[in-house]
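**Q**
There are 2 protein chains.
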Amino acid sequence: MKEQVHAAARRARIAAGTLALTTRADKDAALEAMADALIAETDAIVAANDLDVEIARAAGTGDNVIDRLRLDPARVAAFAGGLRDIAGLPDPVGEVVRGSTLPNGLRMQQIRVPMGVIAMIYEGRPNVTADAAAICLKAGSAVLLRGSSSAARSNAAIIDVMRAALRTAGLPADAIQQIPADDRSSATHLMQARGLVDLVIPRGGAGLIRAVVEDSTVPVIETGVGNCHVYVDADADLDMALAIVLNSKTHRTSVCNAAESLLVHKAVADVFLPRVIAALQDAGVTIHGDESFCAVHADVVPATEGDYAAEYLSLDISARVVDSVDEAIGHIRTYSSGHTEAIVTSSLVTSSRFTAGVDSAAVMVNASTRFTDGGEFGFGAEIGISTQKLHARGPMGLTEMTTTTYVVVGDGQVR
Amino acid sequence: MKEQVHAAARRARIAAGTLALTTRADKDAALEAMADALIAETDAIVAANDLDVEIARAAGTGDNVIDRLRLDPARVAAFAGGLRDIAGLPDPVGEVVRGSTLPNGLRMQQIRVPMGVIAMIYEGRPNVTADAAAICLKAGSAVLLRGSSSAARSNAAIIDVMRAALRTAGLPADAIQQIPADDRSSATHLMQARGLVDLVIPRGGAGLIRAVVEDSTVPVIETGVGNCHVYVDADADLDMALAIVLNSKTHRTSVCNAAESLLVHKAVADVFLPRVIAALQDAGVTIHGDESFCAVHADVVPATEGDYAAEYLSLDISARVVDSVDEAIGHIRTYSSGHTEAIVTSSLVTSSRFTAGVDSAAVMVNASTRFTDGGEFGFGAEIGISTQKLHARGPMGLTEMTTTTYVVVGDGQVR
Chain Y
7 MKEQVHAAAR
17 RARIAAGTLA
27 LTTRADKDAA
37 LEAMADALIA
47 ETDAIVAAND
57 LDVEIARAAG
67 TGDNVIDRLR
77 LDPARVAAFA
87 GGLRDIAGLP
97 DPVGEVVRGS
107 TLPNGLRMQQ
117 IRVPMGVIAM
127 IYEGRPNVTA
137 DAAAICLKAG
147 SAVLLRGSSS
157 AARSNAAIID
167 VMRAALRTAG
177 LPADAIQQIP
187 ADDRSSATHL
197 MQARGLVDLV
207 IPRGGAGLIR
217 AVVEDSTVPV
227 IETGVGNCHV
237 YVDADADLDM
247 ALAIVLNSKT
257 HRTSVCNAAE
267 SLLVHKAVAD
277 VFLPRVIAAL
287 QDAGVTIHGD
297 ESFCAVHADV
307 VPATEGDYAA
317 EYLSLDISAR
327 VVDSVDEAIG
337 HIRTYSSGHT
347 EAIVTSSLVT
357 SSRFTAGVDS
367 AAVMVNASTR
377 FTDGGEFGFG
387 AEIGISTQKL
397 HARGPMGLTE
407 MTTTTYVVVG
417 DGQVR
Chain P
7 MKEQVHAAAR
17 RARIAAGTLA
27 LTTRADKDAA
37 LEAMADALIA
47 ETDAIVAAND
57 LDVEIARAAG
67 TGDNVIDRLR
77 LDPARVAAFA
87 GGLRDIAGLP
97 DPVGEVVRGS
107 TLPNGLRMQQ
117 IRVPMGVIAM
127 IYEGRPNVTA
137 DAAAICLKAG
147 SAVLLRGSSS
157 AARSNAAIID
167 VMRAALRTAG
177 LPADAIQQIP
187 ADDRSSATHL
197 MQARGLVDLV
207 IPRGGAGLIR
217 AVVEDSTVPV
227 IETGVGNCHV
237 YVDADADLDM
247 ALAIVLNSKT
257 HRTSVCNAAE
267 SLLVHKAVAD
277 VFLPRVIAAL
287 QDAGVTIHGD
297 ESFCAVHADV
307 VPATEGDYAA
317 EYLSLDISAR
327 VVDSVDEAIG
337 HIRTYSSGHT
347 EAIVTSSLVT
357 SSRFTAGVDS
367 AAVMVNASTR
377 FTDGGEFGFG
387 AEIGISTQKL
397 HARGPMGLTE
407 MTTTTYVVVG
417 DGQVR
């Protein structure tokens, strides 16, 4: 398996060499051709997916997982449309990040260039296959796609269609390759293909991400684990706070930017706790609260240490009353995964202290945690949300899939 | 040892929380106080260094290593002056990288914030201790300094002085801490203190860097291995080429931006090879060449595969004649460490092909490889030269020691 993965990576490197010299027009034409081909081959893709779904169902897979796995013509059309959107975005490659003429006359420019070979290791939805391939292609990099075995047939069908379209468009098919998912070791070989793979991006649950971070010798961008907090300050507009808590928790529970924990300043606890508990319970949310929350309503479950650290991804929320914004910041620095925190306050002083004090990829002031998203931020495409500090933090778009190089032009300068 | 390293990292995290809220004026005042204190304590620092030198000499350490280790009042004054230079640089923290008002009225800003806790693992010169501490402090991060055991007393003296100055300046002394070097495992514990340390930067030889990359679970920025090439094109000004080859190879041989390999286009080989061989030999350089080079002069040593991959850091150079710029690019993509490549050519077409085709942190067109340097690039301070593609590539200054966060301000927006 190692030889197979390394051989794929070597083919990808060669393809990346070609992509680095490919114009935006040619990349966009290929993306449009890929979108056309996906639409044209919808039946074949859905048929392959039917097999995946059948096998998953026979294995007793739960309905919500089946729902994520399932493709129908509308879903195929949606990700094909995503490819056209990416074709419409500016090319990040070639952007001059900075430049100057040095005192000795050297003209220095820092220029965005492709990353090279990117490996995606992911679970779940087959639409990630098309999205990731398109983002990497547009950013000038070859991609090695290692999805889950449960979606292997769907992914293979999508990748075959995209590769054929690349070939027709005159670009190397090896810019998009599937890495077999039937053997667990293929992921490990990818993460350790140092010198062949430039970047590994894991997308999936906390377990997958931890495994990649621990085993990888290739640089990794960690994505998407979100234990997000909403802090309702003493100076909060409580109607606004209620709407933001409800939206952050219940708008969609299975996503990384959903709120998992609620902190309330003691000065507003008497008024706000009964309201927020009632509203959350009406929405079907189970509250895991501290003594103050438990005292308000018998259905509040006493929170454990584990609750404060949990990313529920369900209709559950941990909740606590704090004495001050500093206590809220301390709690968040202790338990947060560094994804998104929100504060509801009308105080400029408190919001400044909060935004400077927490240490997360995004901070929302008087807005829902759900806004941390490449689409909402206007990036046009998103390959994931980074929760690490190196290279990219927060939603990652095309720019984050590039690196830079310094090009220095002189007329014979020596030191 | 693990508990000791983790305890230091936890203290550093607390100090980092304070530094994140410290103004530029206060950080600069602390840097000036540290510089004053280093000058005032020169005798104590040099005395500690004398002990290190004595022990190294007794252990039979070579003269060039001793020379790197040795401190005298002039060297202490030099790194104290470096601290004042860093105080004079703009603060990277707080810089707005991008910002916009989203269609729903949310005001989004991406802002530079401190990295948090940075671990430096390094060999050799004690001046790195002062430089690294100052750069991290200015960038708002706490630093854990793990130098070599051979410089342990010198480093301890420098760190003690800087910590005392921090305290006097009202900043937390734990922003700068020494990690014991007498136990090899301390470096491993640093690299694996995930969640406590945000970034590890190894600075030293290829062996150290490989060990850190392989063992670290904390994100790493690889620095400084340089197998740099000079390619003399068919359209080169040969006088300029000769000057650039000589300067790149011989200006300073022990540095990562020195040239280690020479490629010459066959069209100019007849004229250029005798000249460059004579000039390099006059400068004391041993040439490890291919058949074409060997045919010109009996003292050229036949090059092996290992020579093309070598970072000599000495008066040696590998050399080869190539048929085309594409063969030069192919050779470089195969053997280069991705640091700096230079081309000498008067052809715009060829230089464009070369700069787009090689895959390195810096490309010099008609200039010496020696210019890849934070000081030469005008960054004011440099913590190393990154040869990886993630986060920072090329010389790293203050900006590269920061991360960013998205601060989004609304008035109650929900999705």
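Protein sequence lines, in the order shown, are assigned to chains Y and P. Just so we're aligned, residue 7 is where the first sequence starts under this note's numbering, counting upward by one. Just so we're aligned, residue 7 is where the second sequence starts under this note's numbering, counting upward by one. Ideal Cβ positions, reconstructed from N, Cα and C, are used throughout, including at glycine. Every value quoted in this text rests on a predicted model; they were computed, and no experiment measured them.
Taking its Cβ as the centre, do 16 or more other Cβ atoms sit within 10 Å of ASP49/P, making it buried, or is it exposed?
**A** So ASP49/P counts as exposed.
**Q** Are the stretch 184 to 194 of chain Y and the stretch 64 to 76 of chain Y touching by the rule of at least three beta carbon pairs closer than 8 Å?
**A** Touching, no.
**Q** How would you list, in chain order, the residues of chain P whose beta-carbon sits under 8 Å from the beta-carbon of VAL369/Y?
**A** In chain order: THR411, TYR412, VAL413, VAL414.
**Q** In chain order, what residues of the same chain have a beta carbon less than 7 Å from the beta carbon of ALA163/Y, not counting five sequence neighbours either side?
**A** Cβ neighbours of ALA163/Y beyond the five flanking positions: ALA50, ILE51, ALA54.
**Q** What separation, rounded to the nearest whole angstrom, lies between the Cα atoms of GLY111/P and MET370/Y?
**A** Roughly 13 Å between the two C-alpha positions.
**Q** For the alpha helix (DSSP H) containing HIS195/P, name the first residue and the last one.
**A** Note, HIS195/P: alpha helix (DSSP H), 191 to 197.
**Q** Is LEU89/P near MET121/P, with beta carbons less than 8 Å apart?
**A** Going by C-beta atoms, LEU89/P is not nearer than 8 Å to MET121/P.
**Q** So, does the CB of HIS397/P fall closer than 8 Å to a CB anywhere in chain Y?
**A** Yes, its Cβ sits closer than 8 Å to a Cβ of chain Y.
**Q** Assign ASP239/Y to one of two classes, buried (16 or more other C-beta atoms within 10 Å of its C-beta) or exposed (fewer than that).
**A** ASP239/Y comes out buried.
**Q** Is the beta carbon of THR375/Y sitting closer than 8 Å to the one on SER267/Y?
**A** No, Cβ-Cβ distance for THR375/Y and SER267/Y is not below 8 Å.
**Q** What is the rounded straight-line gap between the Cα of GLY213/Y and the Cα of VAL219/Y?
**A** Roughly 10 Å separates the two Cα atoms.
**Q** Evaluate THR107/Y with the Cβ neighbour count: other Cβ atoms within 10 Å of its Cβ, from every protein chain shown; 16 or more gives buried, anything less gives exposed.
**A** Exposed.
**Q** If you measure between the beta carbons of ARG152/P and ILE127/P, is that distance less than 8 Å?
**A** Cβ distance < 8 Å, so ARG152/P and ILE127/P count as in contact.
**Q** Under 8 Å: do the stretch 302 to 313 of chain Y and the stretch 269 to 286 of chain Y share three or more Cβ pairs, one atom per stretch?
**A** Contact between the stretch 302 to 313 of chain Y and the stretch 269 to 286 of chain Y is present, because at least three Cβ pairs lie under 8 Å.
**Q** Across the stretch 228 to 236 of chain P and the stretch 254 to 263 of chain P, are there enough close Cβ pairs to call them in contact, namely three or more that are closer than 8 Å?
**A** The stretch 228 to 236 of chain P vs the stretch 254 to 263 of chain P: in contact.
**Q** When Cβ atoms are compared, which residues of the stretch 150 to 164 of chain P fall closer than 7 Å to chain Y?
**A** From the stretch 150 to 164 of chain P, no residue has a Cβ closer than 7 Å to chain Y.
**Q** Let me check understanding here. Comparing Cα to Cα, which of GLY381/Y, ARG159/Y, LYS33/Y, ALA181/Y lies closest to ALA21/Y?
**A** Here the closest residue by C-alpha is ALA181/Y.
**Q** Evaluate ASP3/P with the Cβ neighbour count: other Cβ atoms within 10 Å of its Cβ, from every protein chain shown; 16 or more gives buried, anything less gives exposed.
**A** This structure leaves residue 3/P out entirely; chain P is present only between 7 and 421.
**Q** Run through DSSP, which three-state label would VAL11/P get?
**A** Helix at VAL11/P.
**Q** If contact means a Cβ-Cβ distance below 7 Å, which residues of the stretch 124 to 137 of chain Y contact chain P?
**A** Within the stretch 124 to 137 of chain Y, no residue qualifies.
**Q** Go through its chain and collect everything with a Cβ distance to ARG159/P's Cβ below 6 Å, but skip five positions before and after it.
**A** ALA54, LEU57, ASP58.
**Q** Here's the rule: buried if 16 or more other CB atoms are within 10 angstroms of the residue's CB, otherwise exposed. What is LEU27/P?
**A** Counting Cβ neighbours within 10 Å, LEU27/P comes out exposed, since fewer than 16 surround it.
**Q** Mind reading off the beta-carbon distance from ASP32/Y to LEU177/Y? Whole number of angstroms is fine, and I expect it under 8 Å.
**A** Correct: roughly 7 Å between the Cβ atoms.
**Q** Closest Cβ-Cβ distance between ARG421/P and chain Y: below 8 Å?
**A** Judged by the 8 Å Cβ criterion, ARG421/P is in contact with chain Y.
**Q** Helix, strand or coil: which one does DSSP assign to ILE207/Y?
**A** In the structure shown, ILE207/Y sits in a strand (DSSP, three-state: E or B).
**Q** Could you tell me the boundaries of the beta strand (DSSP E) in which ALA348/Y lies?
**A** Start and end: 346 to 350.
**Q** Count the other CB atoms, across all protein chains shown, that sit within 10 Å of the CB of LEU404/Y; report buried if there are 16 or more and exposed otherwise.
**A** Buried: at least 16 other Cβ atoms inside 10 Å.
**Q** Chain A partners of PRO225/Y, CB-CB under 7 Å?
**A** Checking the listed chains, one finds no chain A in this structure; the protein chains it contains are Y and P.
**Q** Take SER324/Y and list the residues in its own chain whose beta-carbon comes closer than 6 Å to its own, dropping the five residues that flank it on each side.
**A** If we look at SER324/Y and ignore the five residues flanking it on each side, its Cβ neighbours are SER267, HIS294, ALA309, ASP313, TYR314.
**Q** Could you pull the start and end residues of the alpha helix (DSSP H) that GLU266/Y belongs to?
**A** Unbroken run through GLU266/Y is the beta strand (DSSP E), 265 to 271; no alpha helix (DSSP H).
**Q** Out of curiosity, what's the CA-to-CA distance linking GLY381/Y and GLY146/Y?
**A** So the two alpha carbons sit approximately 21 Å from each other.
**Q** Provide the residue span of the beta strand (DSSP E) that contains MET114/Y, from first to last.
**A** Where MET114/Y is concerned, the enclosing beta strand (DSSP E) stretches over 113 to 120.
**Q** Just to confirm the assignment, what range does the alpha helix (DSSP H) spanning ALA140/P have?
**A** From DSSP, the alpha helix (DSSP H) with ALA140/P extends over 133 to 144.
**Q** In the DSSP assignment, the beta strand (DSSP E) including ASP417/P goes from what residue to what residue?
**A** Taken as a continuous stretch (DSSP letters only), the beta strand (DSSP E) holding ASP417/P covers 408 to 419.
**Q** So with CB distances below 7 Å, who are the chain P contacts of MET246/Y?
**A** The answer, in chain order, is GLY418.
**Q** Closest Cβ-Cβ distance between ALA249/Y and chain P: below 8 Å?
**A** So yes, ALA249/Y belongs to the interface.
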